[in-house]
Amino acid sequence: MNRYERSVVGLLRRVFRSSIPGYLTLLLGLASVGSVFGYASESMYGVAHGINRIAYWHVPIAVVGGIALTVTFLGCVLYLVTATRFWEQLAHASGEIGFVFVTLTLVTGSVWGRVIWNTWWDWSDIRLVTFLFIWFIYAGYLIIYSGAGGSGSVSRLASVYGVVGFITVPISYASTRLWTARLHSPSVGNPETEATITASVLLVSVIAVLSLYVYLLGSRVRVRELSARVDSLKHRTTTETQKPMGDD
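Using full-length UniProt numbering, the first residue of the sequence shown is number 1, and each one after it goes up by one.
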């Protein structure tokens with residue numbers, strides 16, 4: 001590990017061990033809930049319904065889920081280049097959180113769509129289908145990684161998979177602009193969109209979910225580092241115990 005890499009890793013560890021992300025998550029979470037139920041518009045896509053409030057968490061979870069999987073991609077690349085265990089732990093931890101966020105995006109989107117579009121799922125909608133691909137790709141990443149068992153070769157295989165599989169993420173997020181979307185029309189920079197969402201409330205929720213991601217990421221990385229230390233101590237103890245004893 002060179003000096004620059006050591007500095008970056010040290011900075012990230014200080015952030016992860018800090019209590020600030022936890023407090024920010026609590027404060028911003030309360031602010032998000034308060035603004036969604038006290039200020040946000042209930043009317044979207046020409047429908048006035050309380051279920052539209054779920055959009056103020058559905059969208060941030062989807063956005064931050066994409067960020068989490070981008071961190072997984074970067075962590076996999078850095079691990080393959082440097083072989084530093086921290087990047088592998090960061091990639092896997094972020095992949096776990098990203099997978100949970102992708103799952104929540106699909107669930108909340110289905111609940112919201114059932115009311116707004118009168119359907120739980122539509123196989124003709126490009127955003128839904130490509131996002132489901134992401135779910136399967138990263139389920140595979142977590143399954144491969146779970147079989148590593150401390151093996152460097154399997155960890156590298158999982159990292160290669162994480163790098164290659166990432167291509168599905170930008171494709172899905174850009175899908176509504178690359179192809180004609182049946183349900184999900186582009187909302188950013190699109191004056192013809194029917195989704196009238198309160199931007200200030202959405203911004204608060206995005207920051208709140210992002211803070212939650214940082215807090216969860218720090219917690220998972222610390223757990224993985226602790227687990228690695230325990231495994232190392234177990235291995236050292238086993239090795240020392242199995243050393244041949246001298247003749248009496």
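Cβ atoms here follow ideal geometry from the backbone N, Cα and C, with glycine treated the same way. Predicted model, so just to flag it, every value in this text is computed and none were measured.
Relative to the C-alpha of residue i, which candidate in the options has its C-alpha closest?
i	options	result
Ile-51	Gly-109, Ser-94, Val-223 and Ser-227	Gly-109
Leu-90	Val-230, Thr-237 and Tyr-213	Tyr-213
Leu-157	Tyr-145, Phe-166 and Ile-167	Tyr-145
Arg-6	Leu-78, Val-115 and Tyr-141	Leu-78
Trp-117	Leu-132, Met-44 and Phe-86	Met-44
Phe-131	Thr-237, Ser-205 and Ala-62	Ala-62
Tyr-56	Val-71, Gly-38 and Ala-68	Gly-38
Val-201	Val-111, Leu-217, Leu-30 and Gly-75	Leu-30
Kindly indicate the opening and closing residues of the alpha helix (DSSP H) around residue i.
i	result
Phe-73	55 to 82
Ile-167	No alpha helix (DSSP H) contains Ile-167, which DSSP labels as neither H nor E.
Tyr-145	126 to 146
Trp-87	85 to 116
Ile-20	20 to 38
Glu-42	Run containing Glu-42: none; DSSP gives neither H nor E here.
Gly-50	Neither: Gly-50 is in no alpha helix (DSSP H) and is coded neither H nor E.
If you draw a straight line from the C-alpha of residue i to the C-alpha of residue j, how long is it?
i	j	result
Val-188	Ile-97	With a pLDDT of only 45 at Val-188, under 50, the local geometry of the prediction cannot be trusted, and no value is derived from it.
Pro-186	Pro-60	Because Pro-186 sits at a pLDDT of 48, beneath the cut-off of 50, its placement in the model cannot be relied upon, and the following sentence gives the value as read from the coordinates. Each residue's Cα considered, the two are about 15 Å apart.
Gly-147	Gly-162	15 Å
Arg-3	Val-9	10 Å
Tyr-138	Val-64	15 Å
Ser-35	Val-160	42 Å
Arg-222	Gly-113	37 Å
Buried or exposed: residue i, going by 16 or more other Cβ atoms within 10 Å of its Cβ?
i	result
Val-209	buried
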